[in-house]
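Numbering of the sequence shown is given in full-length UniProt numbering, commencing with residue 1 and proceeding in unit increments. We put the beta carbon where it would ideally sit given N, CA and C, even for glycine. What you are looking at is a predicted structure, and each value in this text was computed from that prediction instead of being measured.
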Amino acid sequence: MPKNSKVVKRELDDEVIESVKDLLSNEDSSDDAFKKSELMVDDPEEKDVDVEEGSDIEDERPAWNSKLQYILAQVGFSVGLGNVWRFPYLCQKNGGGAYLVPYLILLLIIGIPLFFLELAVGQRIRRGSIGVWNYISPKLGGIGFASCVVCFFVALYYNVIIGWSLFYFSQSFQHPLPWDQCPLVKNTSHTFVEPECEKSSATTYYWYREALNISSSLSESGGLNWKMTICLLAAWVMVCLAMIKGIQSSGKIMYFSSLFPYVVLLCFLIRGLLLNGSVDGIRHMFTPKLEIMLEPKVWREAATQVFFALGLGFGGVIAFSSYNKRDNNCHFDAVLVSFINFFTSVLATLVVFAVLGFKANIINEKCVIQNSQKILKLLKIGNLSQDMIPHHINFSSITAEDYNLVYDIIQKVKEEEFDSLGLKSCQIEDELNKAVQGTGLAFIAFTEAMTHFPASPFWSVMFFLMLVNLGLGSMFGTIEGIITPIVDTFKVRKEILTVICCLVAFFIGLIFVQHSGNYFVTMFDDYSATLPLLIVVILENIAVTRIYGIDKFVEDLKDMLGFSPSQYYYYMWKYVSPLVLLCLLVASIVQMGLSPPGYNAWIEDTATEEFHSYPTWGMIVCISLMVLAILPVPIVFMVRRCNLIDDSSGSLASVSYKRGRIIKEPVNLEGDNTSLIHGKSPSEVPSPNFGKNIYRKQTGSPTLDTAPNGRYGIGYLMADMPVMPESDL
């Protein structure tokens with residue numbers, strides 16, 4: 001219409017007004033309730049301004065109360081039990097301080113870039129792992145489902161470890177500690193030390209017999225261990241209560257669960273440095289063995305530790321970042337959390353080796369006393385000459401240095417018959433070289449060292465409470481990696497889903513609290529996550545760099561962060577990280593093929609561990625764990641490829657509600673060239689055509705109903721309306 005046609009415009013306006021009056025006058029009075037309803041259709045430009053300027057029109061997705069809460073959540077998820085009992089073991093095994101070099105290099109090559117990638121896609125798309133990868137490529141939507149399956153497998157046995165920690169925590173409130181001495185057995189004639197304990201040690205006996213009451217093989221289930229069943233139930237109740245409201249409930253707990261372990265580690269470090277022998281342990285840890293760095297095994301184990309330390313592929317990182325604002329500096333978060341994780345591992349290693357140095361010093365002193373008594377006996381019976389012993393040696397108060405001097409002299413003089421004398425070399429390094437990891441470190445070696453601490457019950461309470469908090473922090477992220485994608489995809493109530501998930505996991509987890517449960521924990525730890533997660537992260541990298549497009553992704557980051565990320569990340573994502581991940585995958589498969597599949601069984605008669613191969617059914621379970629974890633990827637790909645699901649169907653779309661507004665979210669985004677930043681996220685994309693149904697917000701009717709595929713926010717009724725073309729809207 002021409003701009004100068006004022007007369008025509010006025011006439012048209014009059015006609016519109018008259019037609020509206022006619023409509024109102026002819027309207028039936030029974031439609032009063034209908035007239036009170038509101039139809040609100042978002043204007044794209046208006047909505048853009050609202051969202052960008054942070055107005056009240058926000059979607060219903062929860063958000064972190066503060067940046068600190070979010071950082072603590074990511075730190076709590078990434079810093080877990082592996083930092084305390086896996087990293088120190090790898091340092092000890094792979095060259096001491098020299099191991100830090102390959103670890104740092106691989107942290108920069110695969111750790112930080114891939115962690116940054118997961119943070120970025122989660123923050124921008126604001127969905128869990130299923131929604132994120134379905135958004136980028138529906139054919140690769142199975143990546144998100146695979147992450148959920150792996151999270152579920154890991155949660156099953158990880159919470160069992162928290163249950164073990166709860167048991168030891170509950171037993172620490174007594175003096176002396178119950179694992180301080182071997183128990184005595186009484187019969188009708190005399191009292192004697194428990195043979196199984198006498199052959200091993202008090203802490204080893206308590207772990208295998210009192211705590212686990214372990215069977216001799218995987219096939220001997222032995223029924224449920226009721227003490228551990230109760231502890232497992234308590235662990236799942238804690239997780240359920242913390243997660244039932246999502247980040248609104250778990251976020252507040254993060255302040256304690258994420259910070260308390262650092263308080264305990266610092267207390268242990270200060271106390272450990274004051275103990276005799278702690279410096280020997282720290283010196284042993286940081287003494288580099290550079291020749292070991294050339295072994296491929298060291299680099300493979302360092303890459304694996306980097307990979308799992310940051311929680312890559314689990315979906316927890318994506319889930320947590322999806323509750324961020326879109327302009328949050330996720331690059332800073334990635335670097336910060338990665339280095340906090342690294343320095344936490346170093347701090348834990350200092351603590352562990354300070355305490356193990358103290359323990360090794362005590363064992364070394366006992367060794368010196370026992371062997372000095374043997375030398376005195378040999379001198380009395382004439383097997384050794386007094387002339388061999390230096391005059392300044394006093395066997396009643398002999399030091400480790402003096403004993404080693406005497407030992408070397410006797411070894412040189414009695415070279416041929418030395419072995420028959422039964423003397424041992426008491427070197428503190430020999431004790432420190434005994435590699436201990438996992439439950440052996442936490443529940444045996446470290447526990448034994450704490451029995452020699454003054455006020456040992458206090459330190460035991462602190463240590464196991466720290467383990468519980470480290471485990472819970474990781475469990476929150478793991479469960480969030482299951483709950484968030486399912487809630488986002490299927491629009492179920494988070495509270496109900498959380499309770500159901502925890503109940504199902506508890507009942508399945510009963511296999512881990514049988515007398516043979518420890519062997520199942522080993523099986524799940526070895527086979528349920530390693531290979532599937534490597535495949536998941538490789539596919540994530542391919543989805544972003546090859547399918548979505550690395551150049552488009554970098555542009556998205558530029559708009560989201562306000563600055564262009566370094567070209568370093570471009571080359572890492574496109575070339576280096578995929579290559580390193582593929583090498584790691586091949587190396588892991590080769591290692592798995594060369595290592596005989598089996599477990600270390602505790603033999604009661606000999607009080608030692610003995611390697612057993614998995615039975616046939618055990619091998620089937622191991623293979624099934626790996627297959628089930630990665631199976632969603634090909635299934636979803638084939639479903640999408642063969643069009644077994646009609647993406648164009650309206651029933652596949654989801655509807656978000658914003659204070660009386662309706663936004664239809666298209667599901668089928670494959671082939672859409674709109675970038676993550678310039679295009680709308682699923683919660684912001686307006687539909688150009690509402691189709692045959694329009695939802696009205698009913699103000700007068702008490703009847704409540706839900707729109708198809710809508711959120712579980714109630715209060716929307718379907719009203720039969722004639723089909724209107726887009727121009728009429």
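Legend entry - DSSP beta-bridge partners of residue 602: For residue 602, DSSP records a beta bridge to 609.
Legend entry - Whole-Å CB distance - residue 129 paired with residue 247, under 8 angstroms assumed: That belief does not hold up - the Cβ atoms of residue 129 and residue 247 are roughly 16 angstroms apart, past 8 angstroms.
Inset, instruction - May I ask which residues mark the beginning and end of the beta strand (DSSP E) holding residue 191? - result: Here the beta strand (DSSP E) through residue 191 covers 191-193.
Legend entry - Nearest-angstrom Cβ-Cβ length linking residue 476 and residue 338, presumed shorter than 8 angstroms: About 19 angstroms separates the two Cβ atoms, so there is no contact after all.
Legend entry - Span of the beta strand (DSSP E) around residue 537: Element bounds for residue 537: not the beta strand (DSSP E) but the alpha helix (DSSP H), 530-542.
Inset, instruction - Would you grab the beta carbon distance between residue 239 and residue 479 for me? Rounded to a whole angstrom, and I think it's under 8 angstroms. - result: 6 angstroms
Legend entry - Bridge partner(s) assigned by DSSP for residue 224: 514
Legend entry - Inside the segment 126-189 only - beta strand (DSSP E) runs reaching at least 3 residues: 184-186
Inset, instruction - Please decide whether residue 487 counts as near chain B, where near means a Cβ-Cβ distance under 9 angstroms. - result: Of the protein chains in the structure, only one exists, and it is not chain B.
Inset, instruction - Taking all protein chains shown into account, decide if residue 705 is buried (16 or more other Cβ within 10 angstroms of its Cβ) or exposed. - result: Note that residue 705 has pLDDT 36, beneath the 50 cutoff, so the model's placement of it is unreliable and the number below is only indicative. Classification of residue 705: exposed, given that the 10 Å Cβ count is below 16.
Inset, instruction - Determine the direct distance from the alpha carbon of residue 341 to that of residue 78, and round the result to whole angstroms. - result: 7 angstroms
Legend entry - Reference residue 610; option with closest CA among 497, 598, 620, 616: With distances taken between CA atoms, residue 610 lies nearest to 598 out of 497, 598, 620, 616.
Legend entry - Whole-angstrom distance between residue 297 and residue 551, CA atom to CA atom: 35 angstroms
Legend entry - Within the segment 317-383, ranges of the alpha helix (DSSP H) (whole runs, at least 4 residues): 330-381
Inset, instruction - Identify, in the order they occur along the chain, each residue of the same chain with its Cβ nearer than 8 angstroms to the Cβ of residue 588, setting aside the five sequence neighbours on each side. - result: 300, 304, 530, 531, 534
Legend entry - residue 407 (DSSP reduced to helix, strand or coil): helix
Inset, instruction - Give me the Cα-Cα distance between residue 314 and residue 151, rounded to the nearest whole angstrom. - result: 6 angstroms
Inset, instruction - Grab the span of the alpha helix (DSSP H) containing residue 570 for me, first residue to last. - result: Element bounds for residue 570: 567-571.
Legend entry - Beta-carbon proximity list for residue 335, same chain, < 7 angstroms, skipping 5 on both sides: Exclusion of the five residues before and after residue 335 leaves 112 as the residues of its chain whose Cβ lies within less than 7 angstroms of its Cβ.
Legend entry - residue 491 - DSSP class collapsed to helix/strand/coil: coil
Legend entry - With 16 other Cβ atoms within 10 Å as the buried cut-off, status of residue 263: Exposed: under 16 other Cβ atoms inside 10 Å.
Legend entry - Cut-off 6 angstroms between Cβ atoms - residues of its own chain near residue 409, not counting five sequence neighbours on either side: 388
Inset, instruction - Measure the C-alpha to C-alpha separation of residue 594 and residue 527 and round it to an integer number of angstroms. - result: Going from the Cα of residue 594 to the Cα of residue 527 covers about 14 angstroms.
Inset, instruction - Since I believe residue 268 is in contact with residue 227 (beta carbons under 8 angstroms), could you give me their beta-carbon distance rounded to a whole number of angstroms? - result: Not really, about 27 angstroms apart at Cβ, beyond 8 angstroms.
Legend entry - Through-space distance from residue 426 to residue 404, alpha-carbon basis: 7 angstroms
Legend entry - Reduced DSSP category for residue 116 - H, G, I as helix; E, B as strand; rest coil: helix
Inset, instruction - With DSSP collapsed to three states, give me the class of residue 87. - result: helix
Inset, instruction - Taking all protein chains shown into account, decide if residue 523 is buried (16 or more other Cβ within 10 angstroms of its Cβ) or exposed. - result: buried
Legend entry - Residue of 502, 362, 325, 406 minimising C-alpha distance to residue 62: 325
Inset, instruction - Could you tell me whether the Cβ atoms of residue 138 and residue 640 are closer together than 9 angstroms? - result: Cβ distance < 9 angstroms, so residue 138 and residue 640 count as in contact.
Legend entry - Short Cβ contact (9 angstroms threshold) for residue 81 with residue 474: yes
Legend entry - Three-way DSSP call (helix, strand, coil) for residue 789 in this model: This structure cannot speak to residue 789, because the chain is shown only from 1 to 729.
Legend entry - Where residue 391 falls: helix, strand or coil (DSSP): coil
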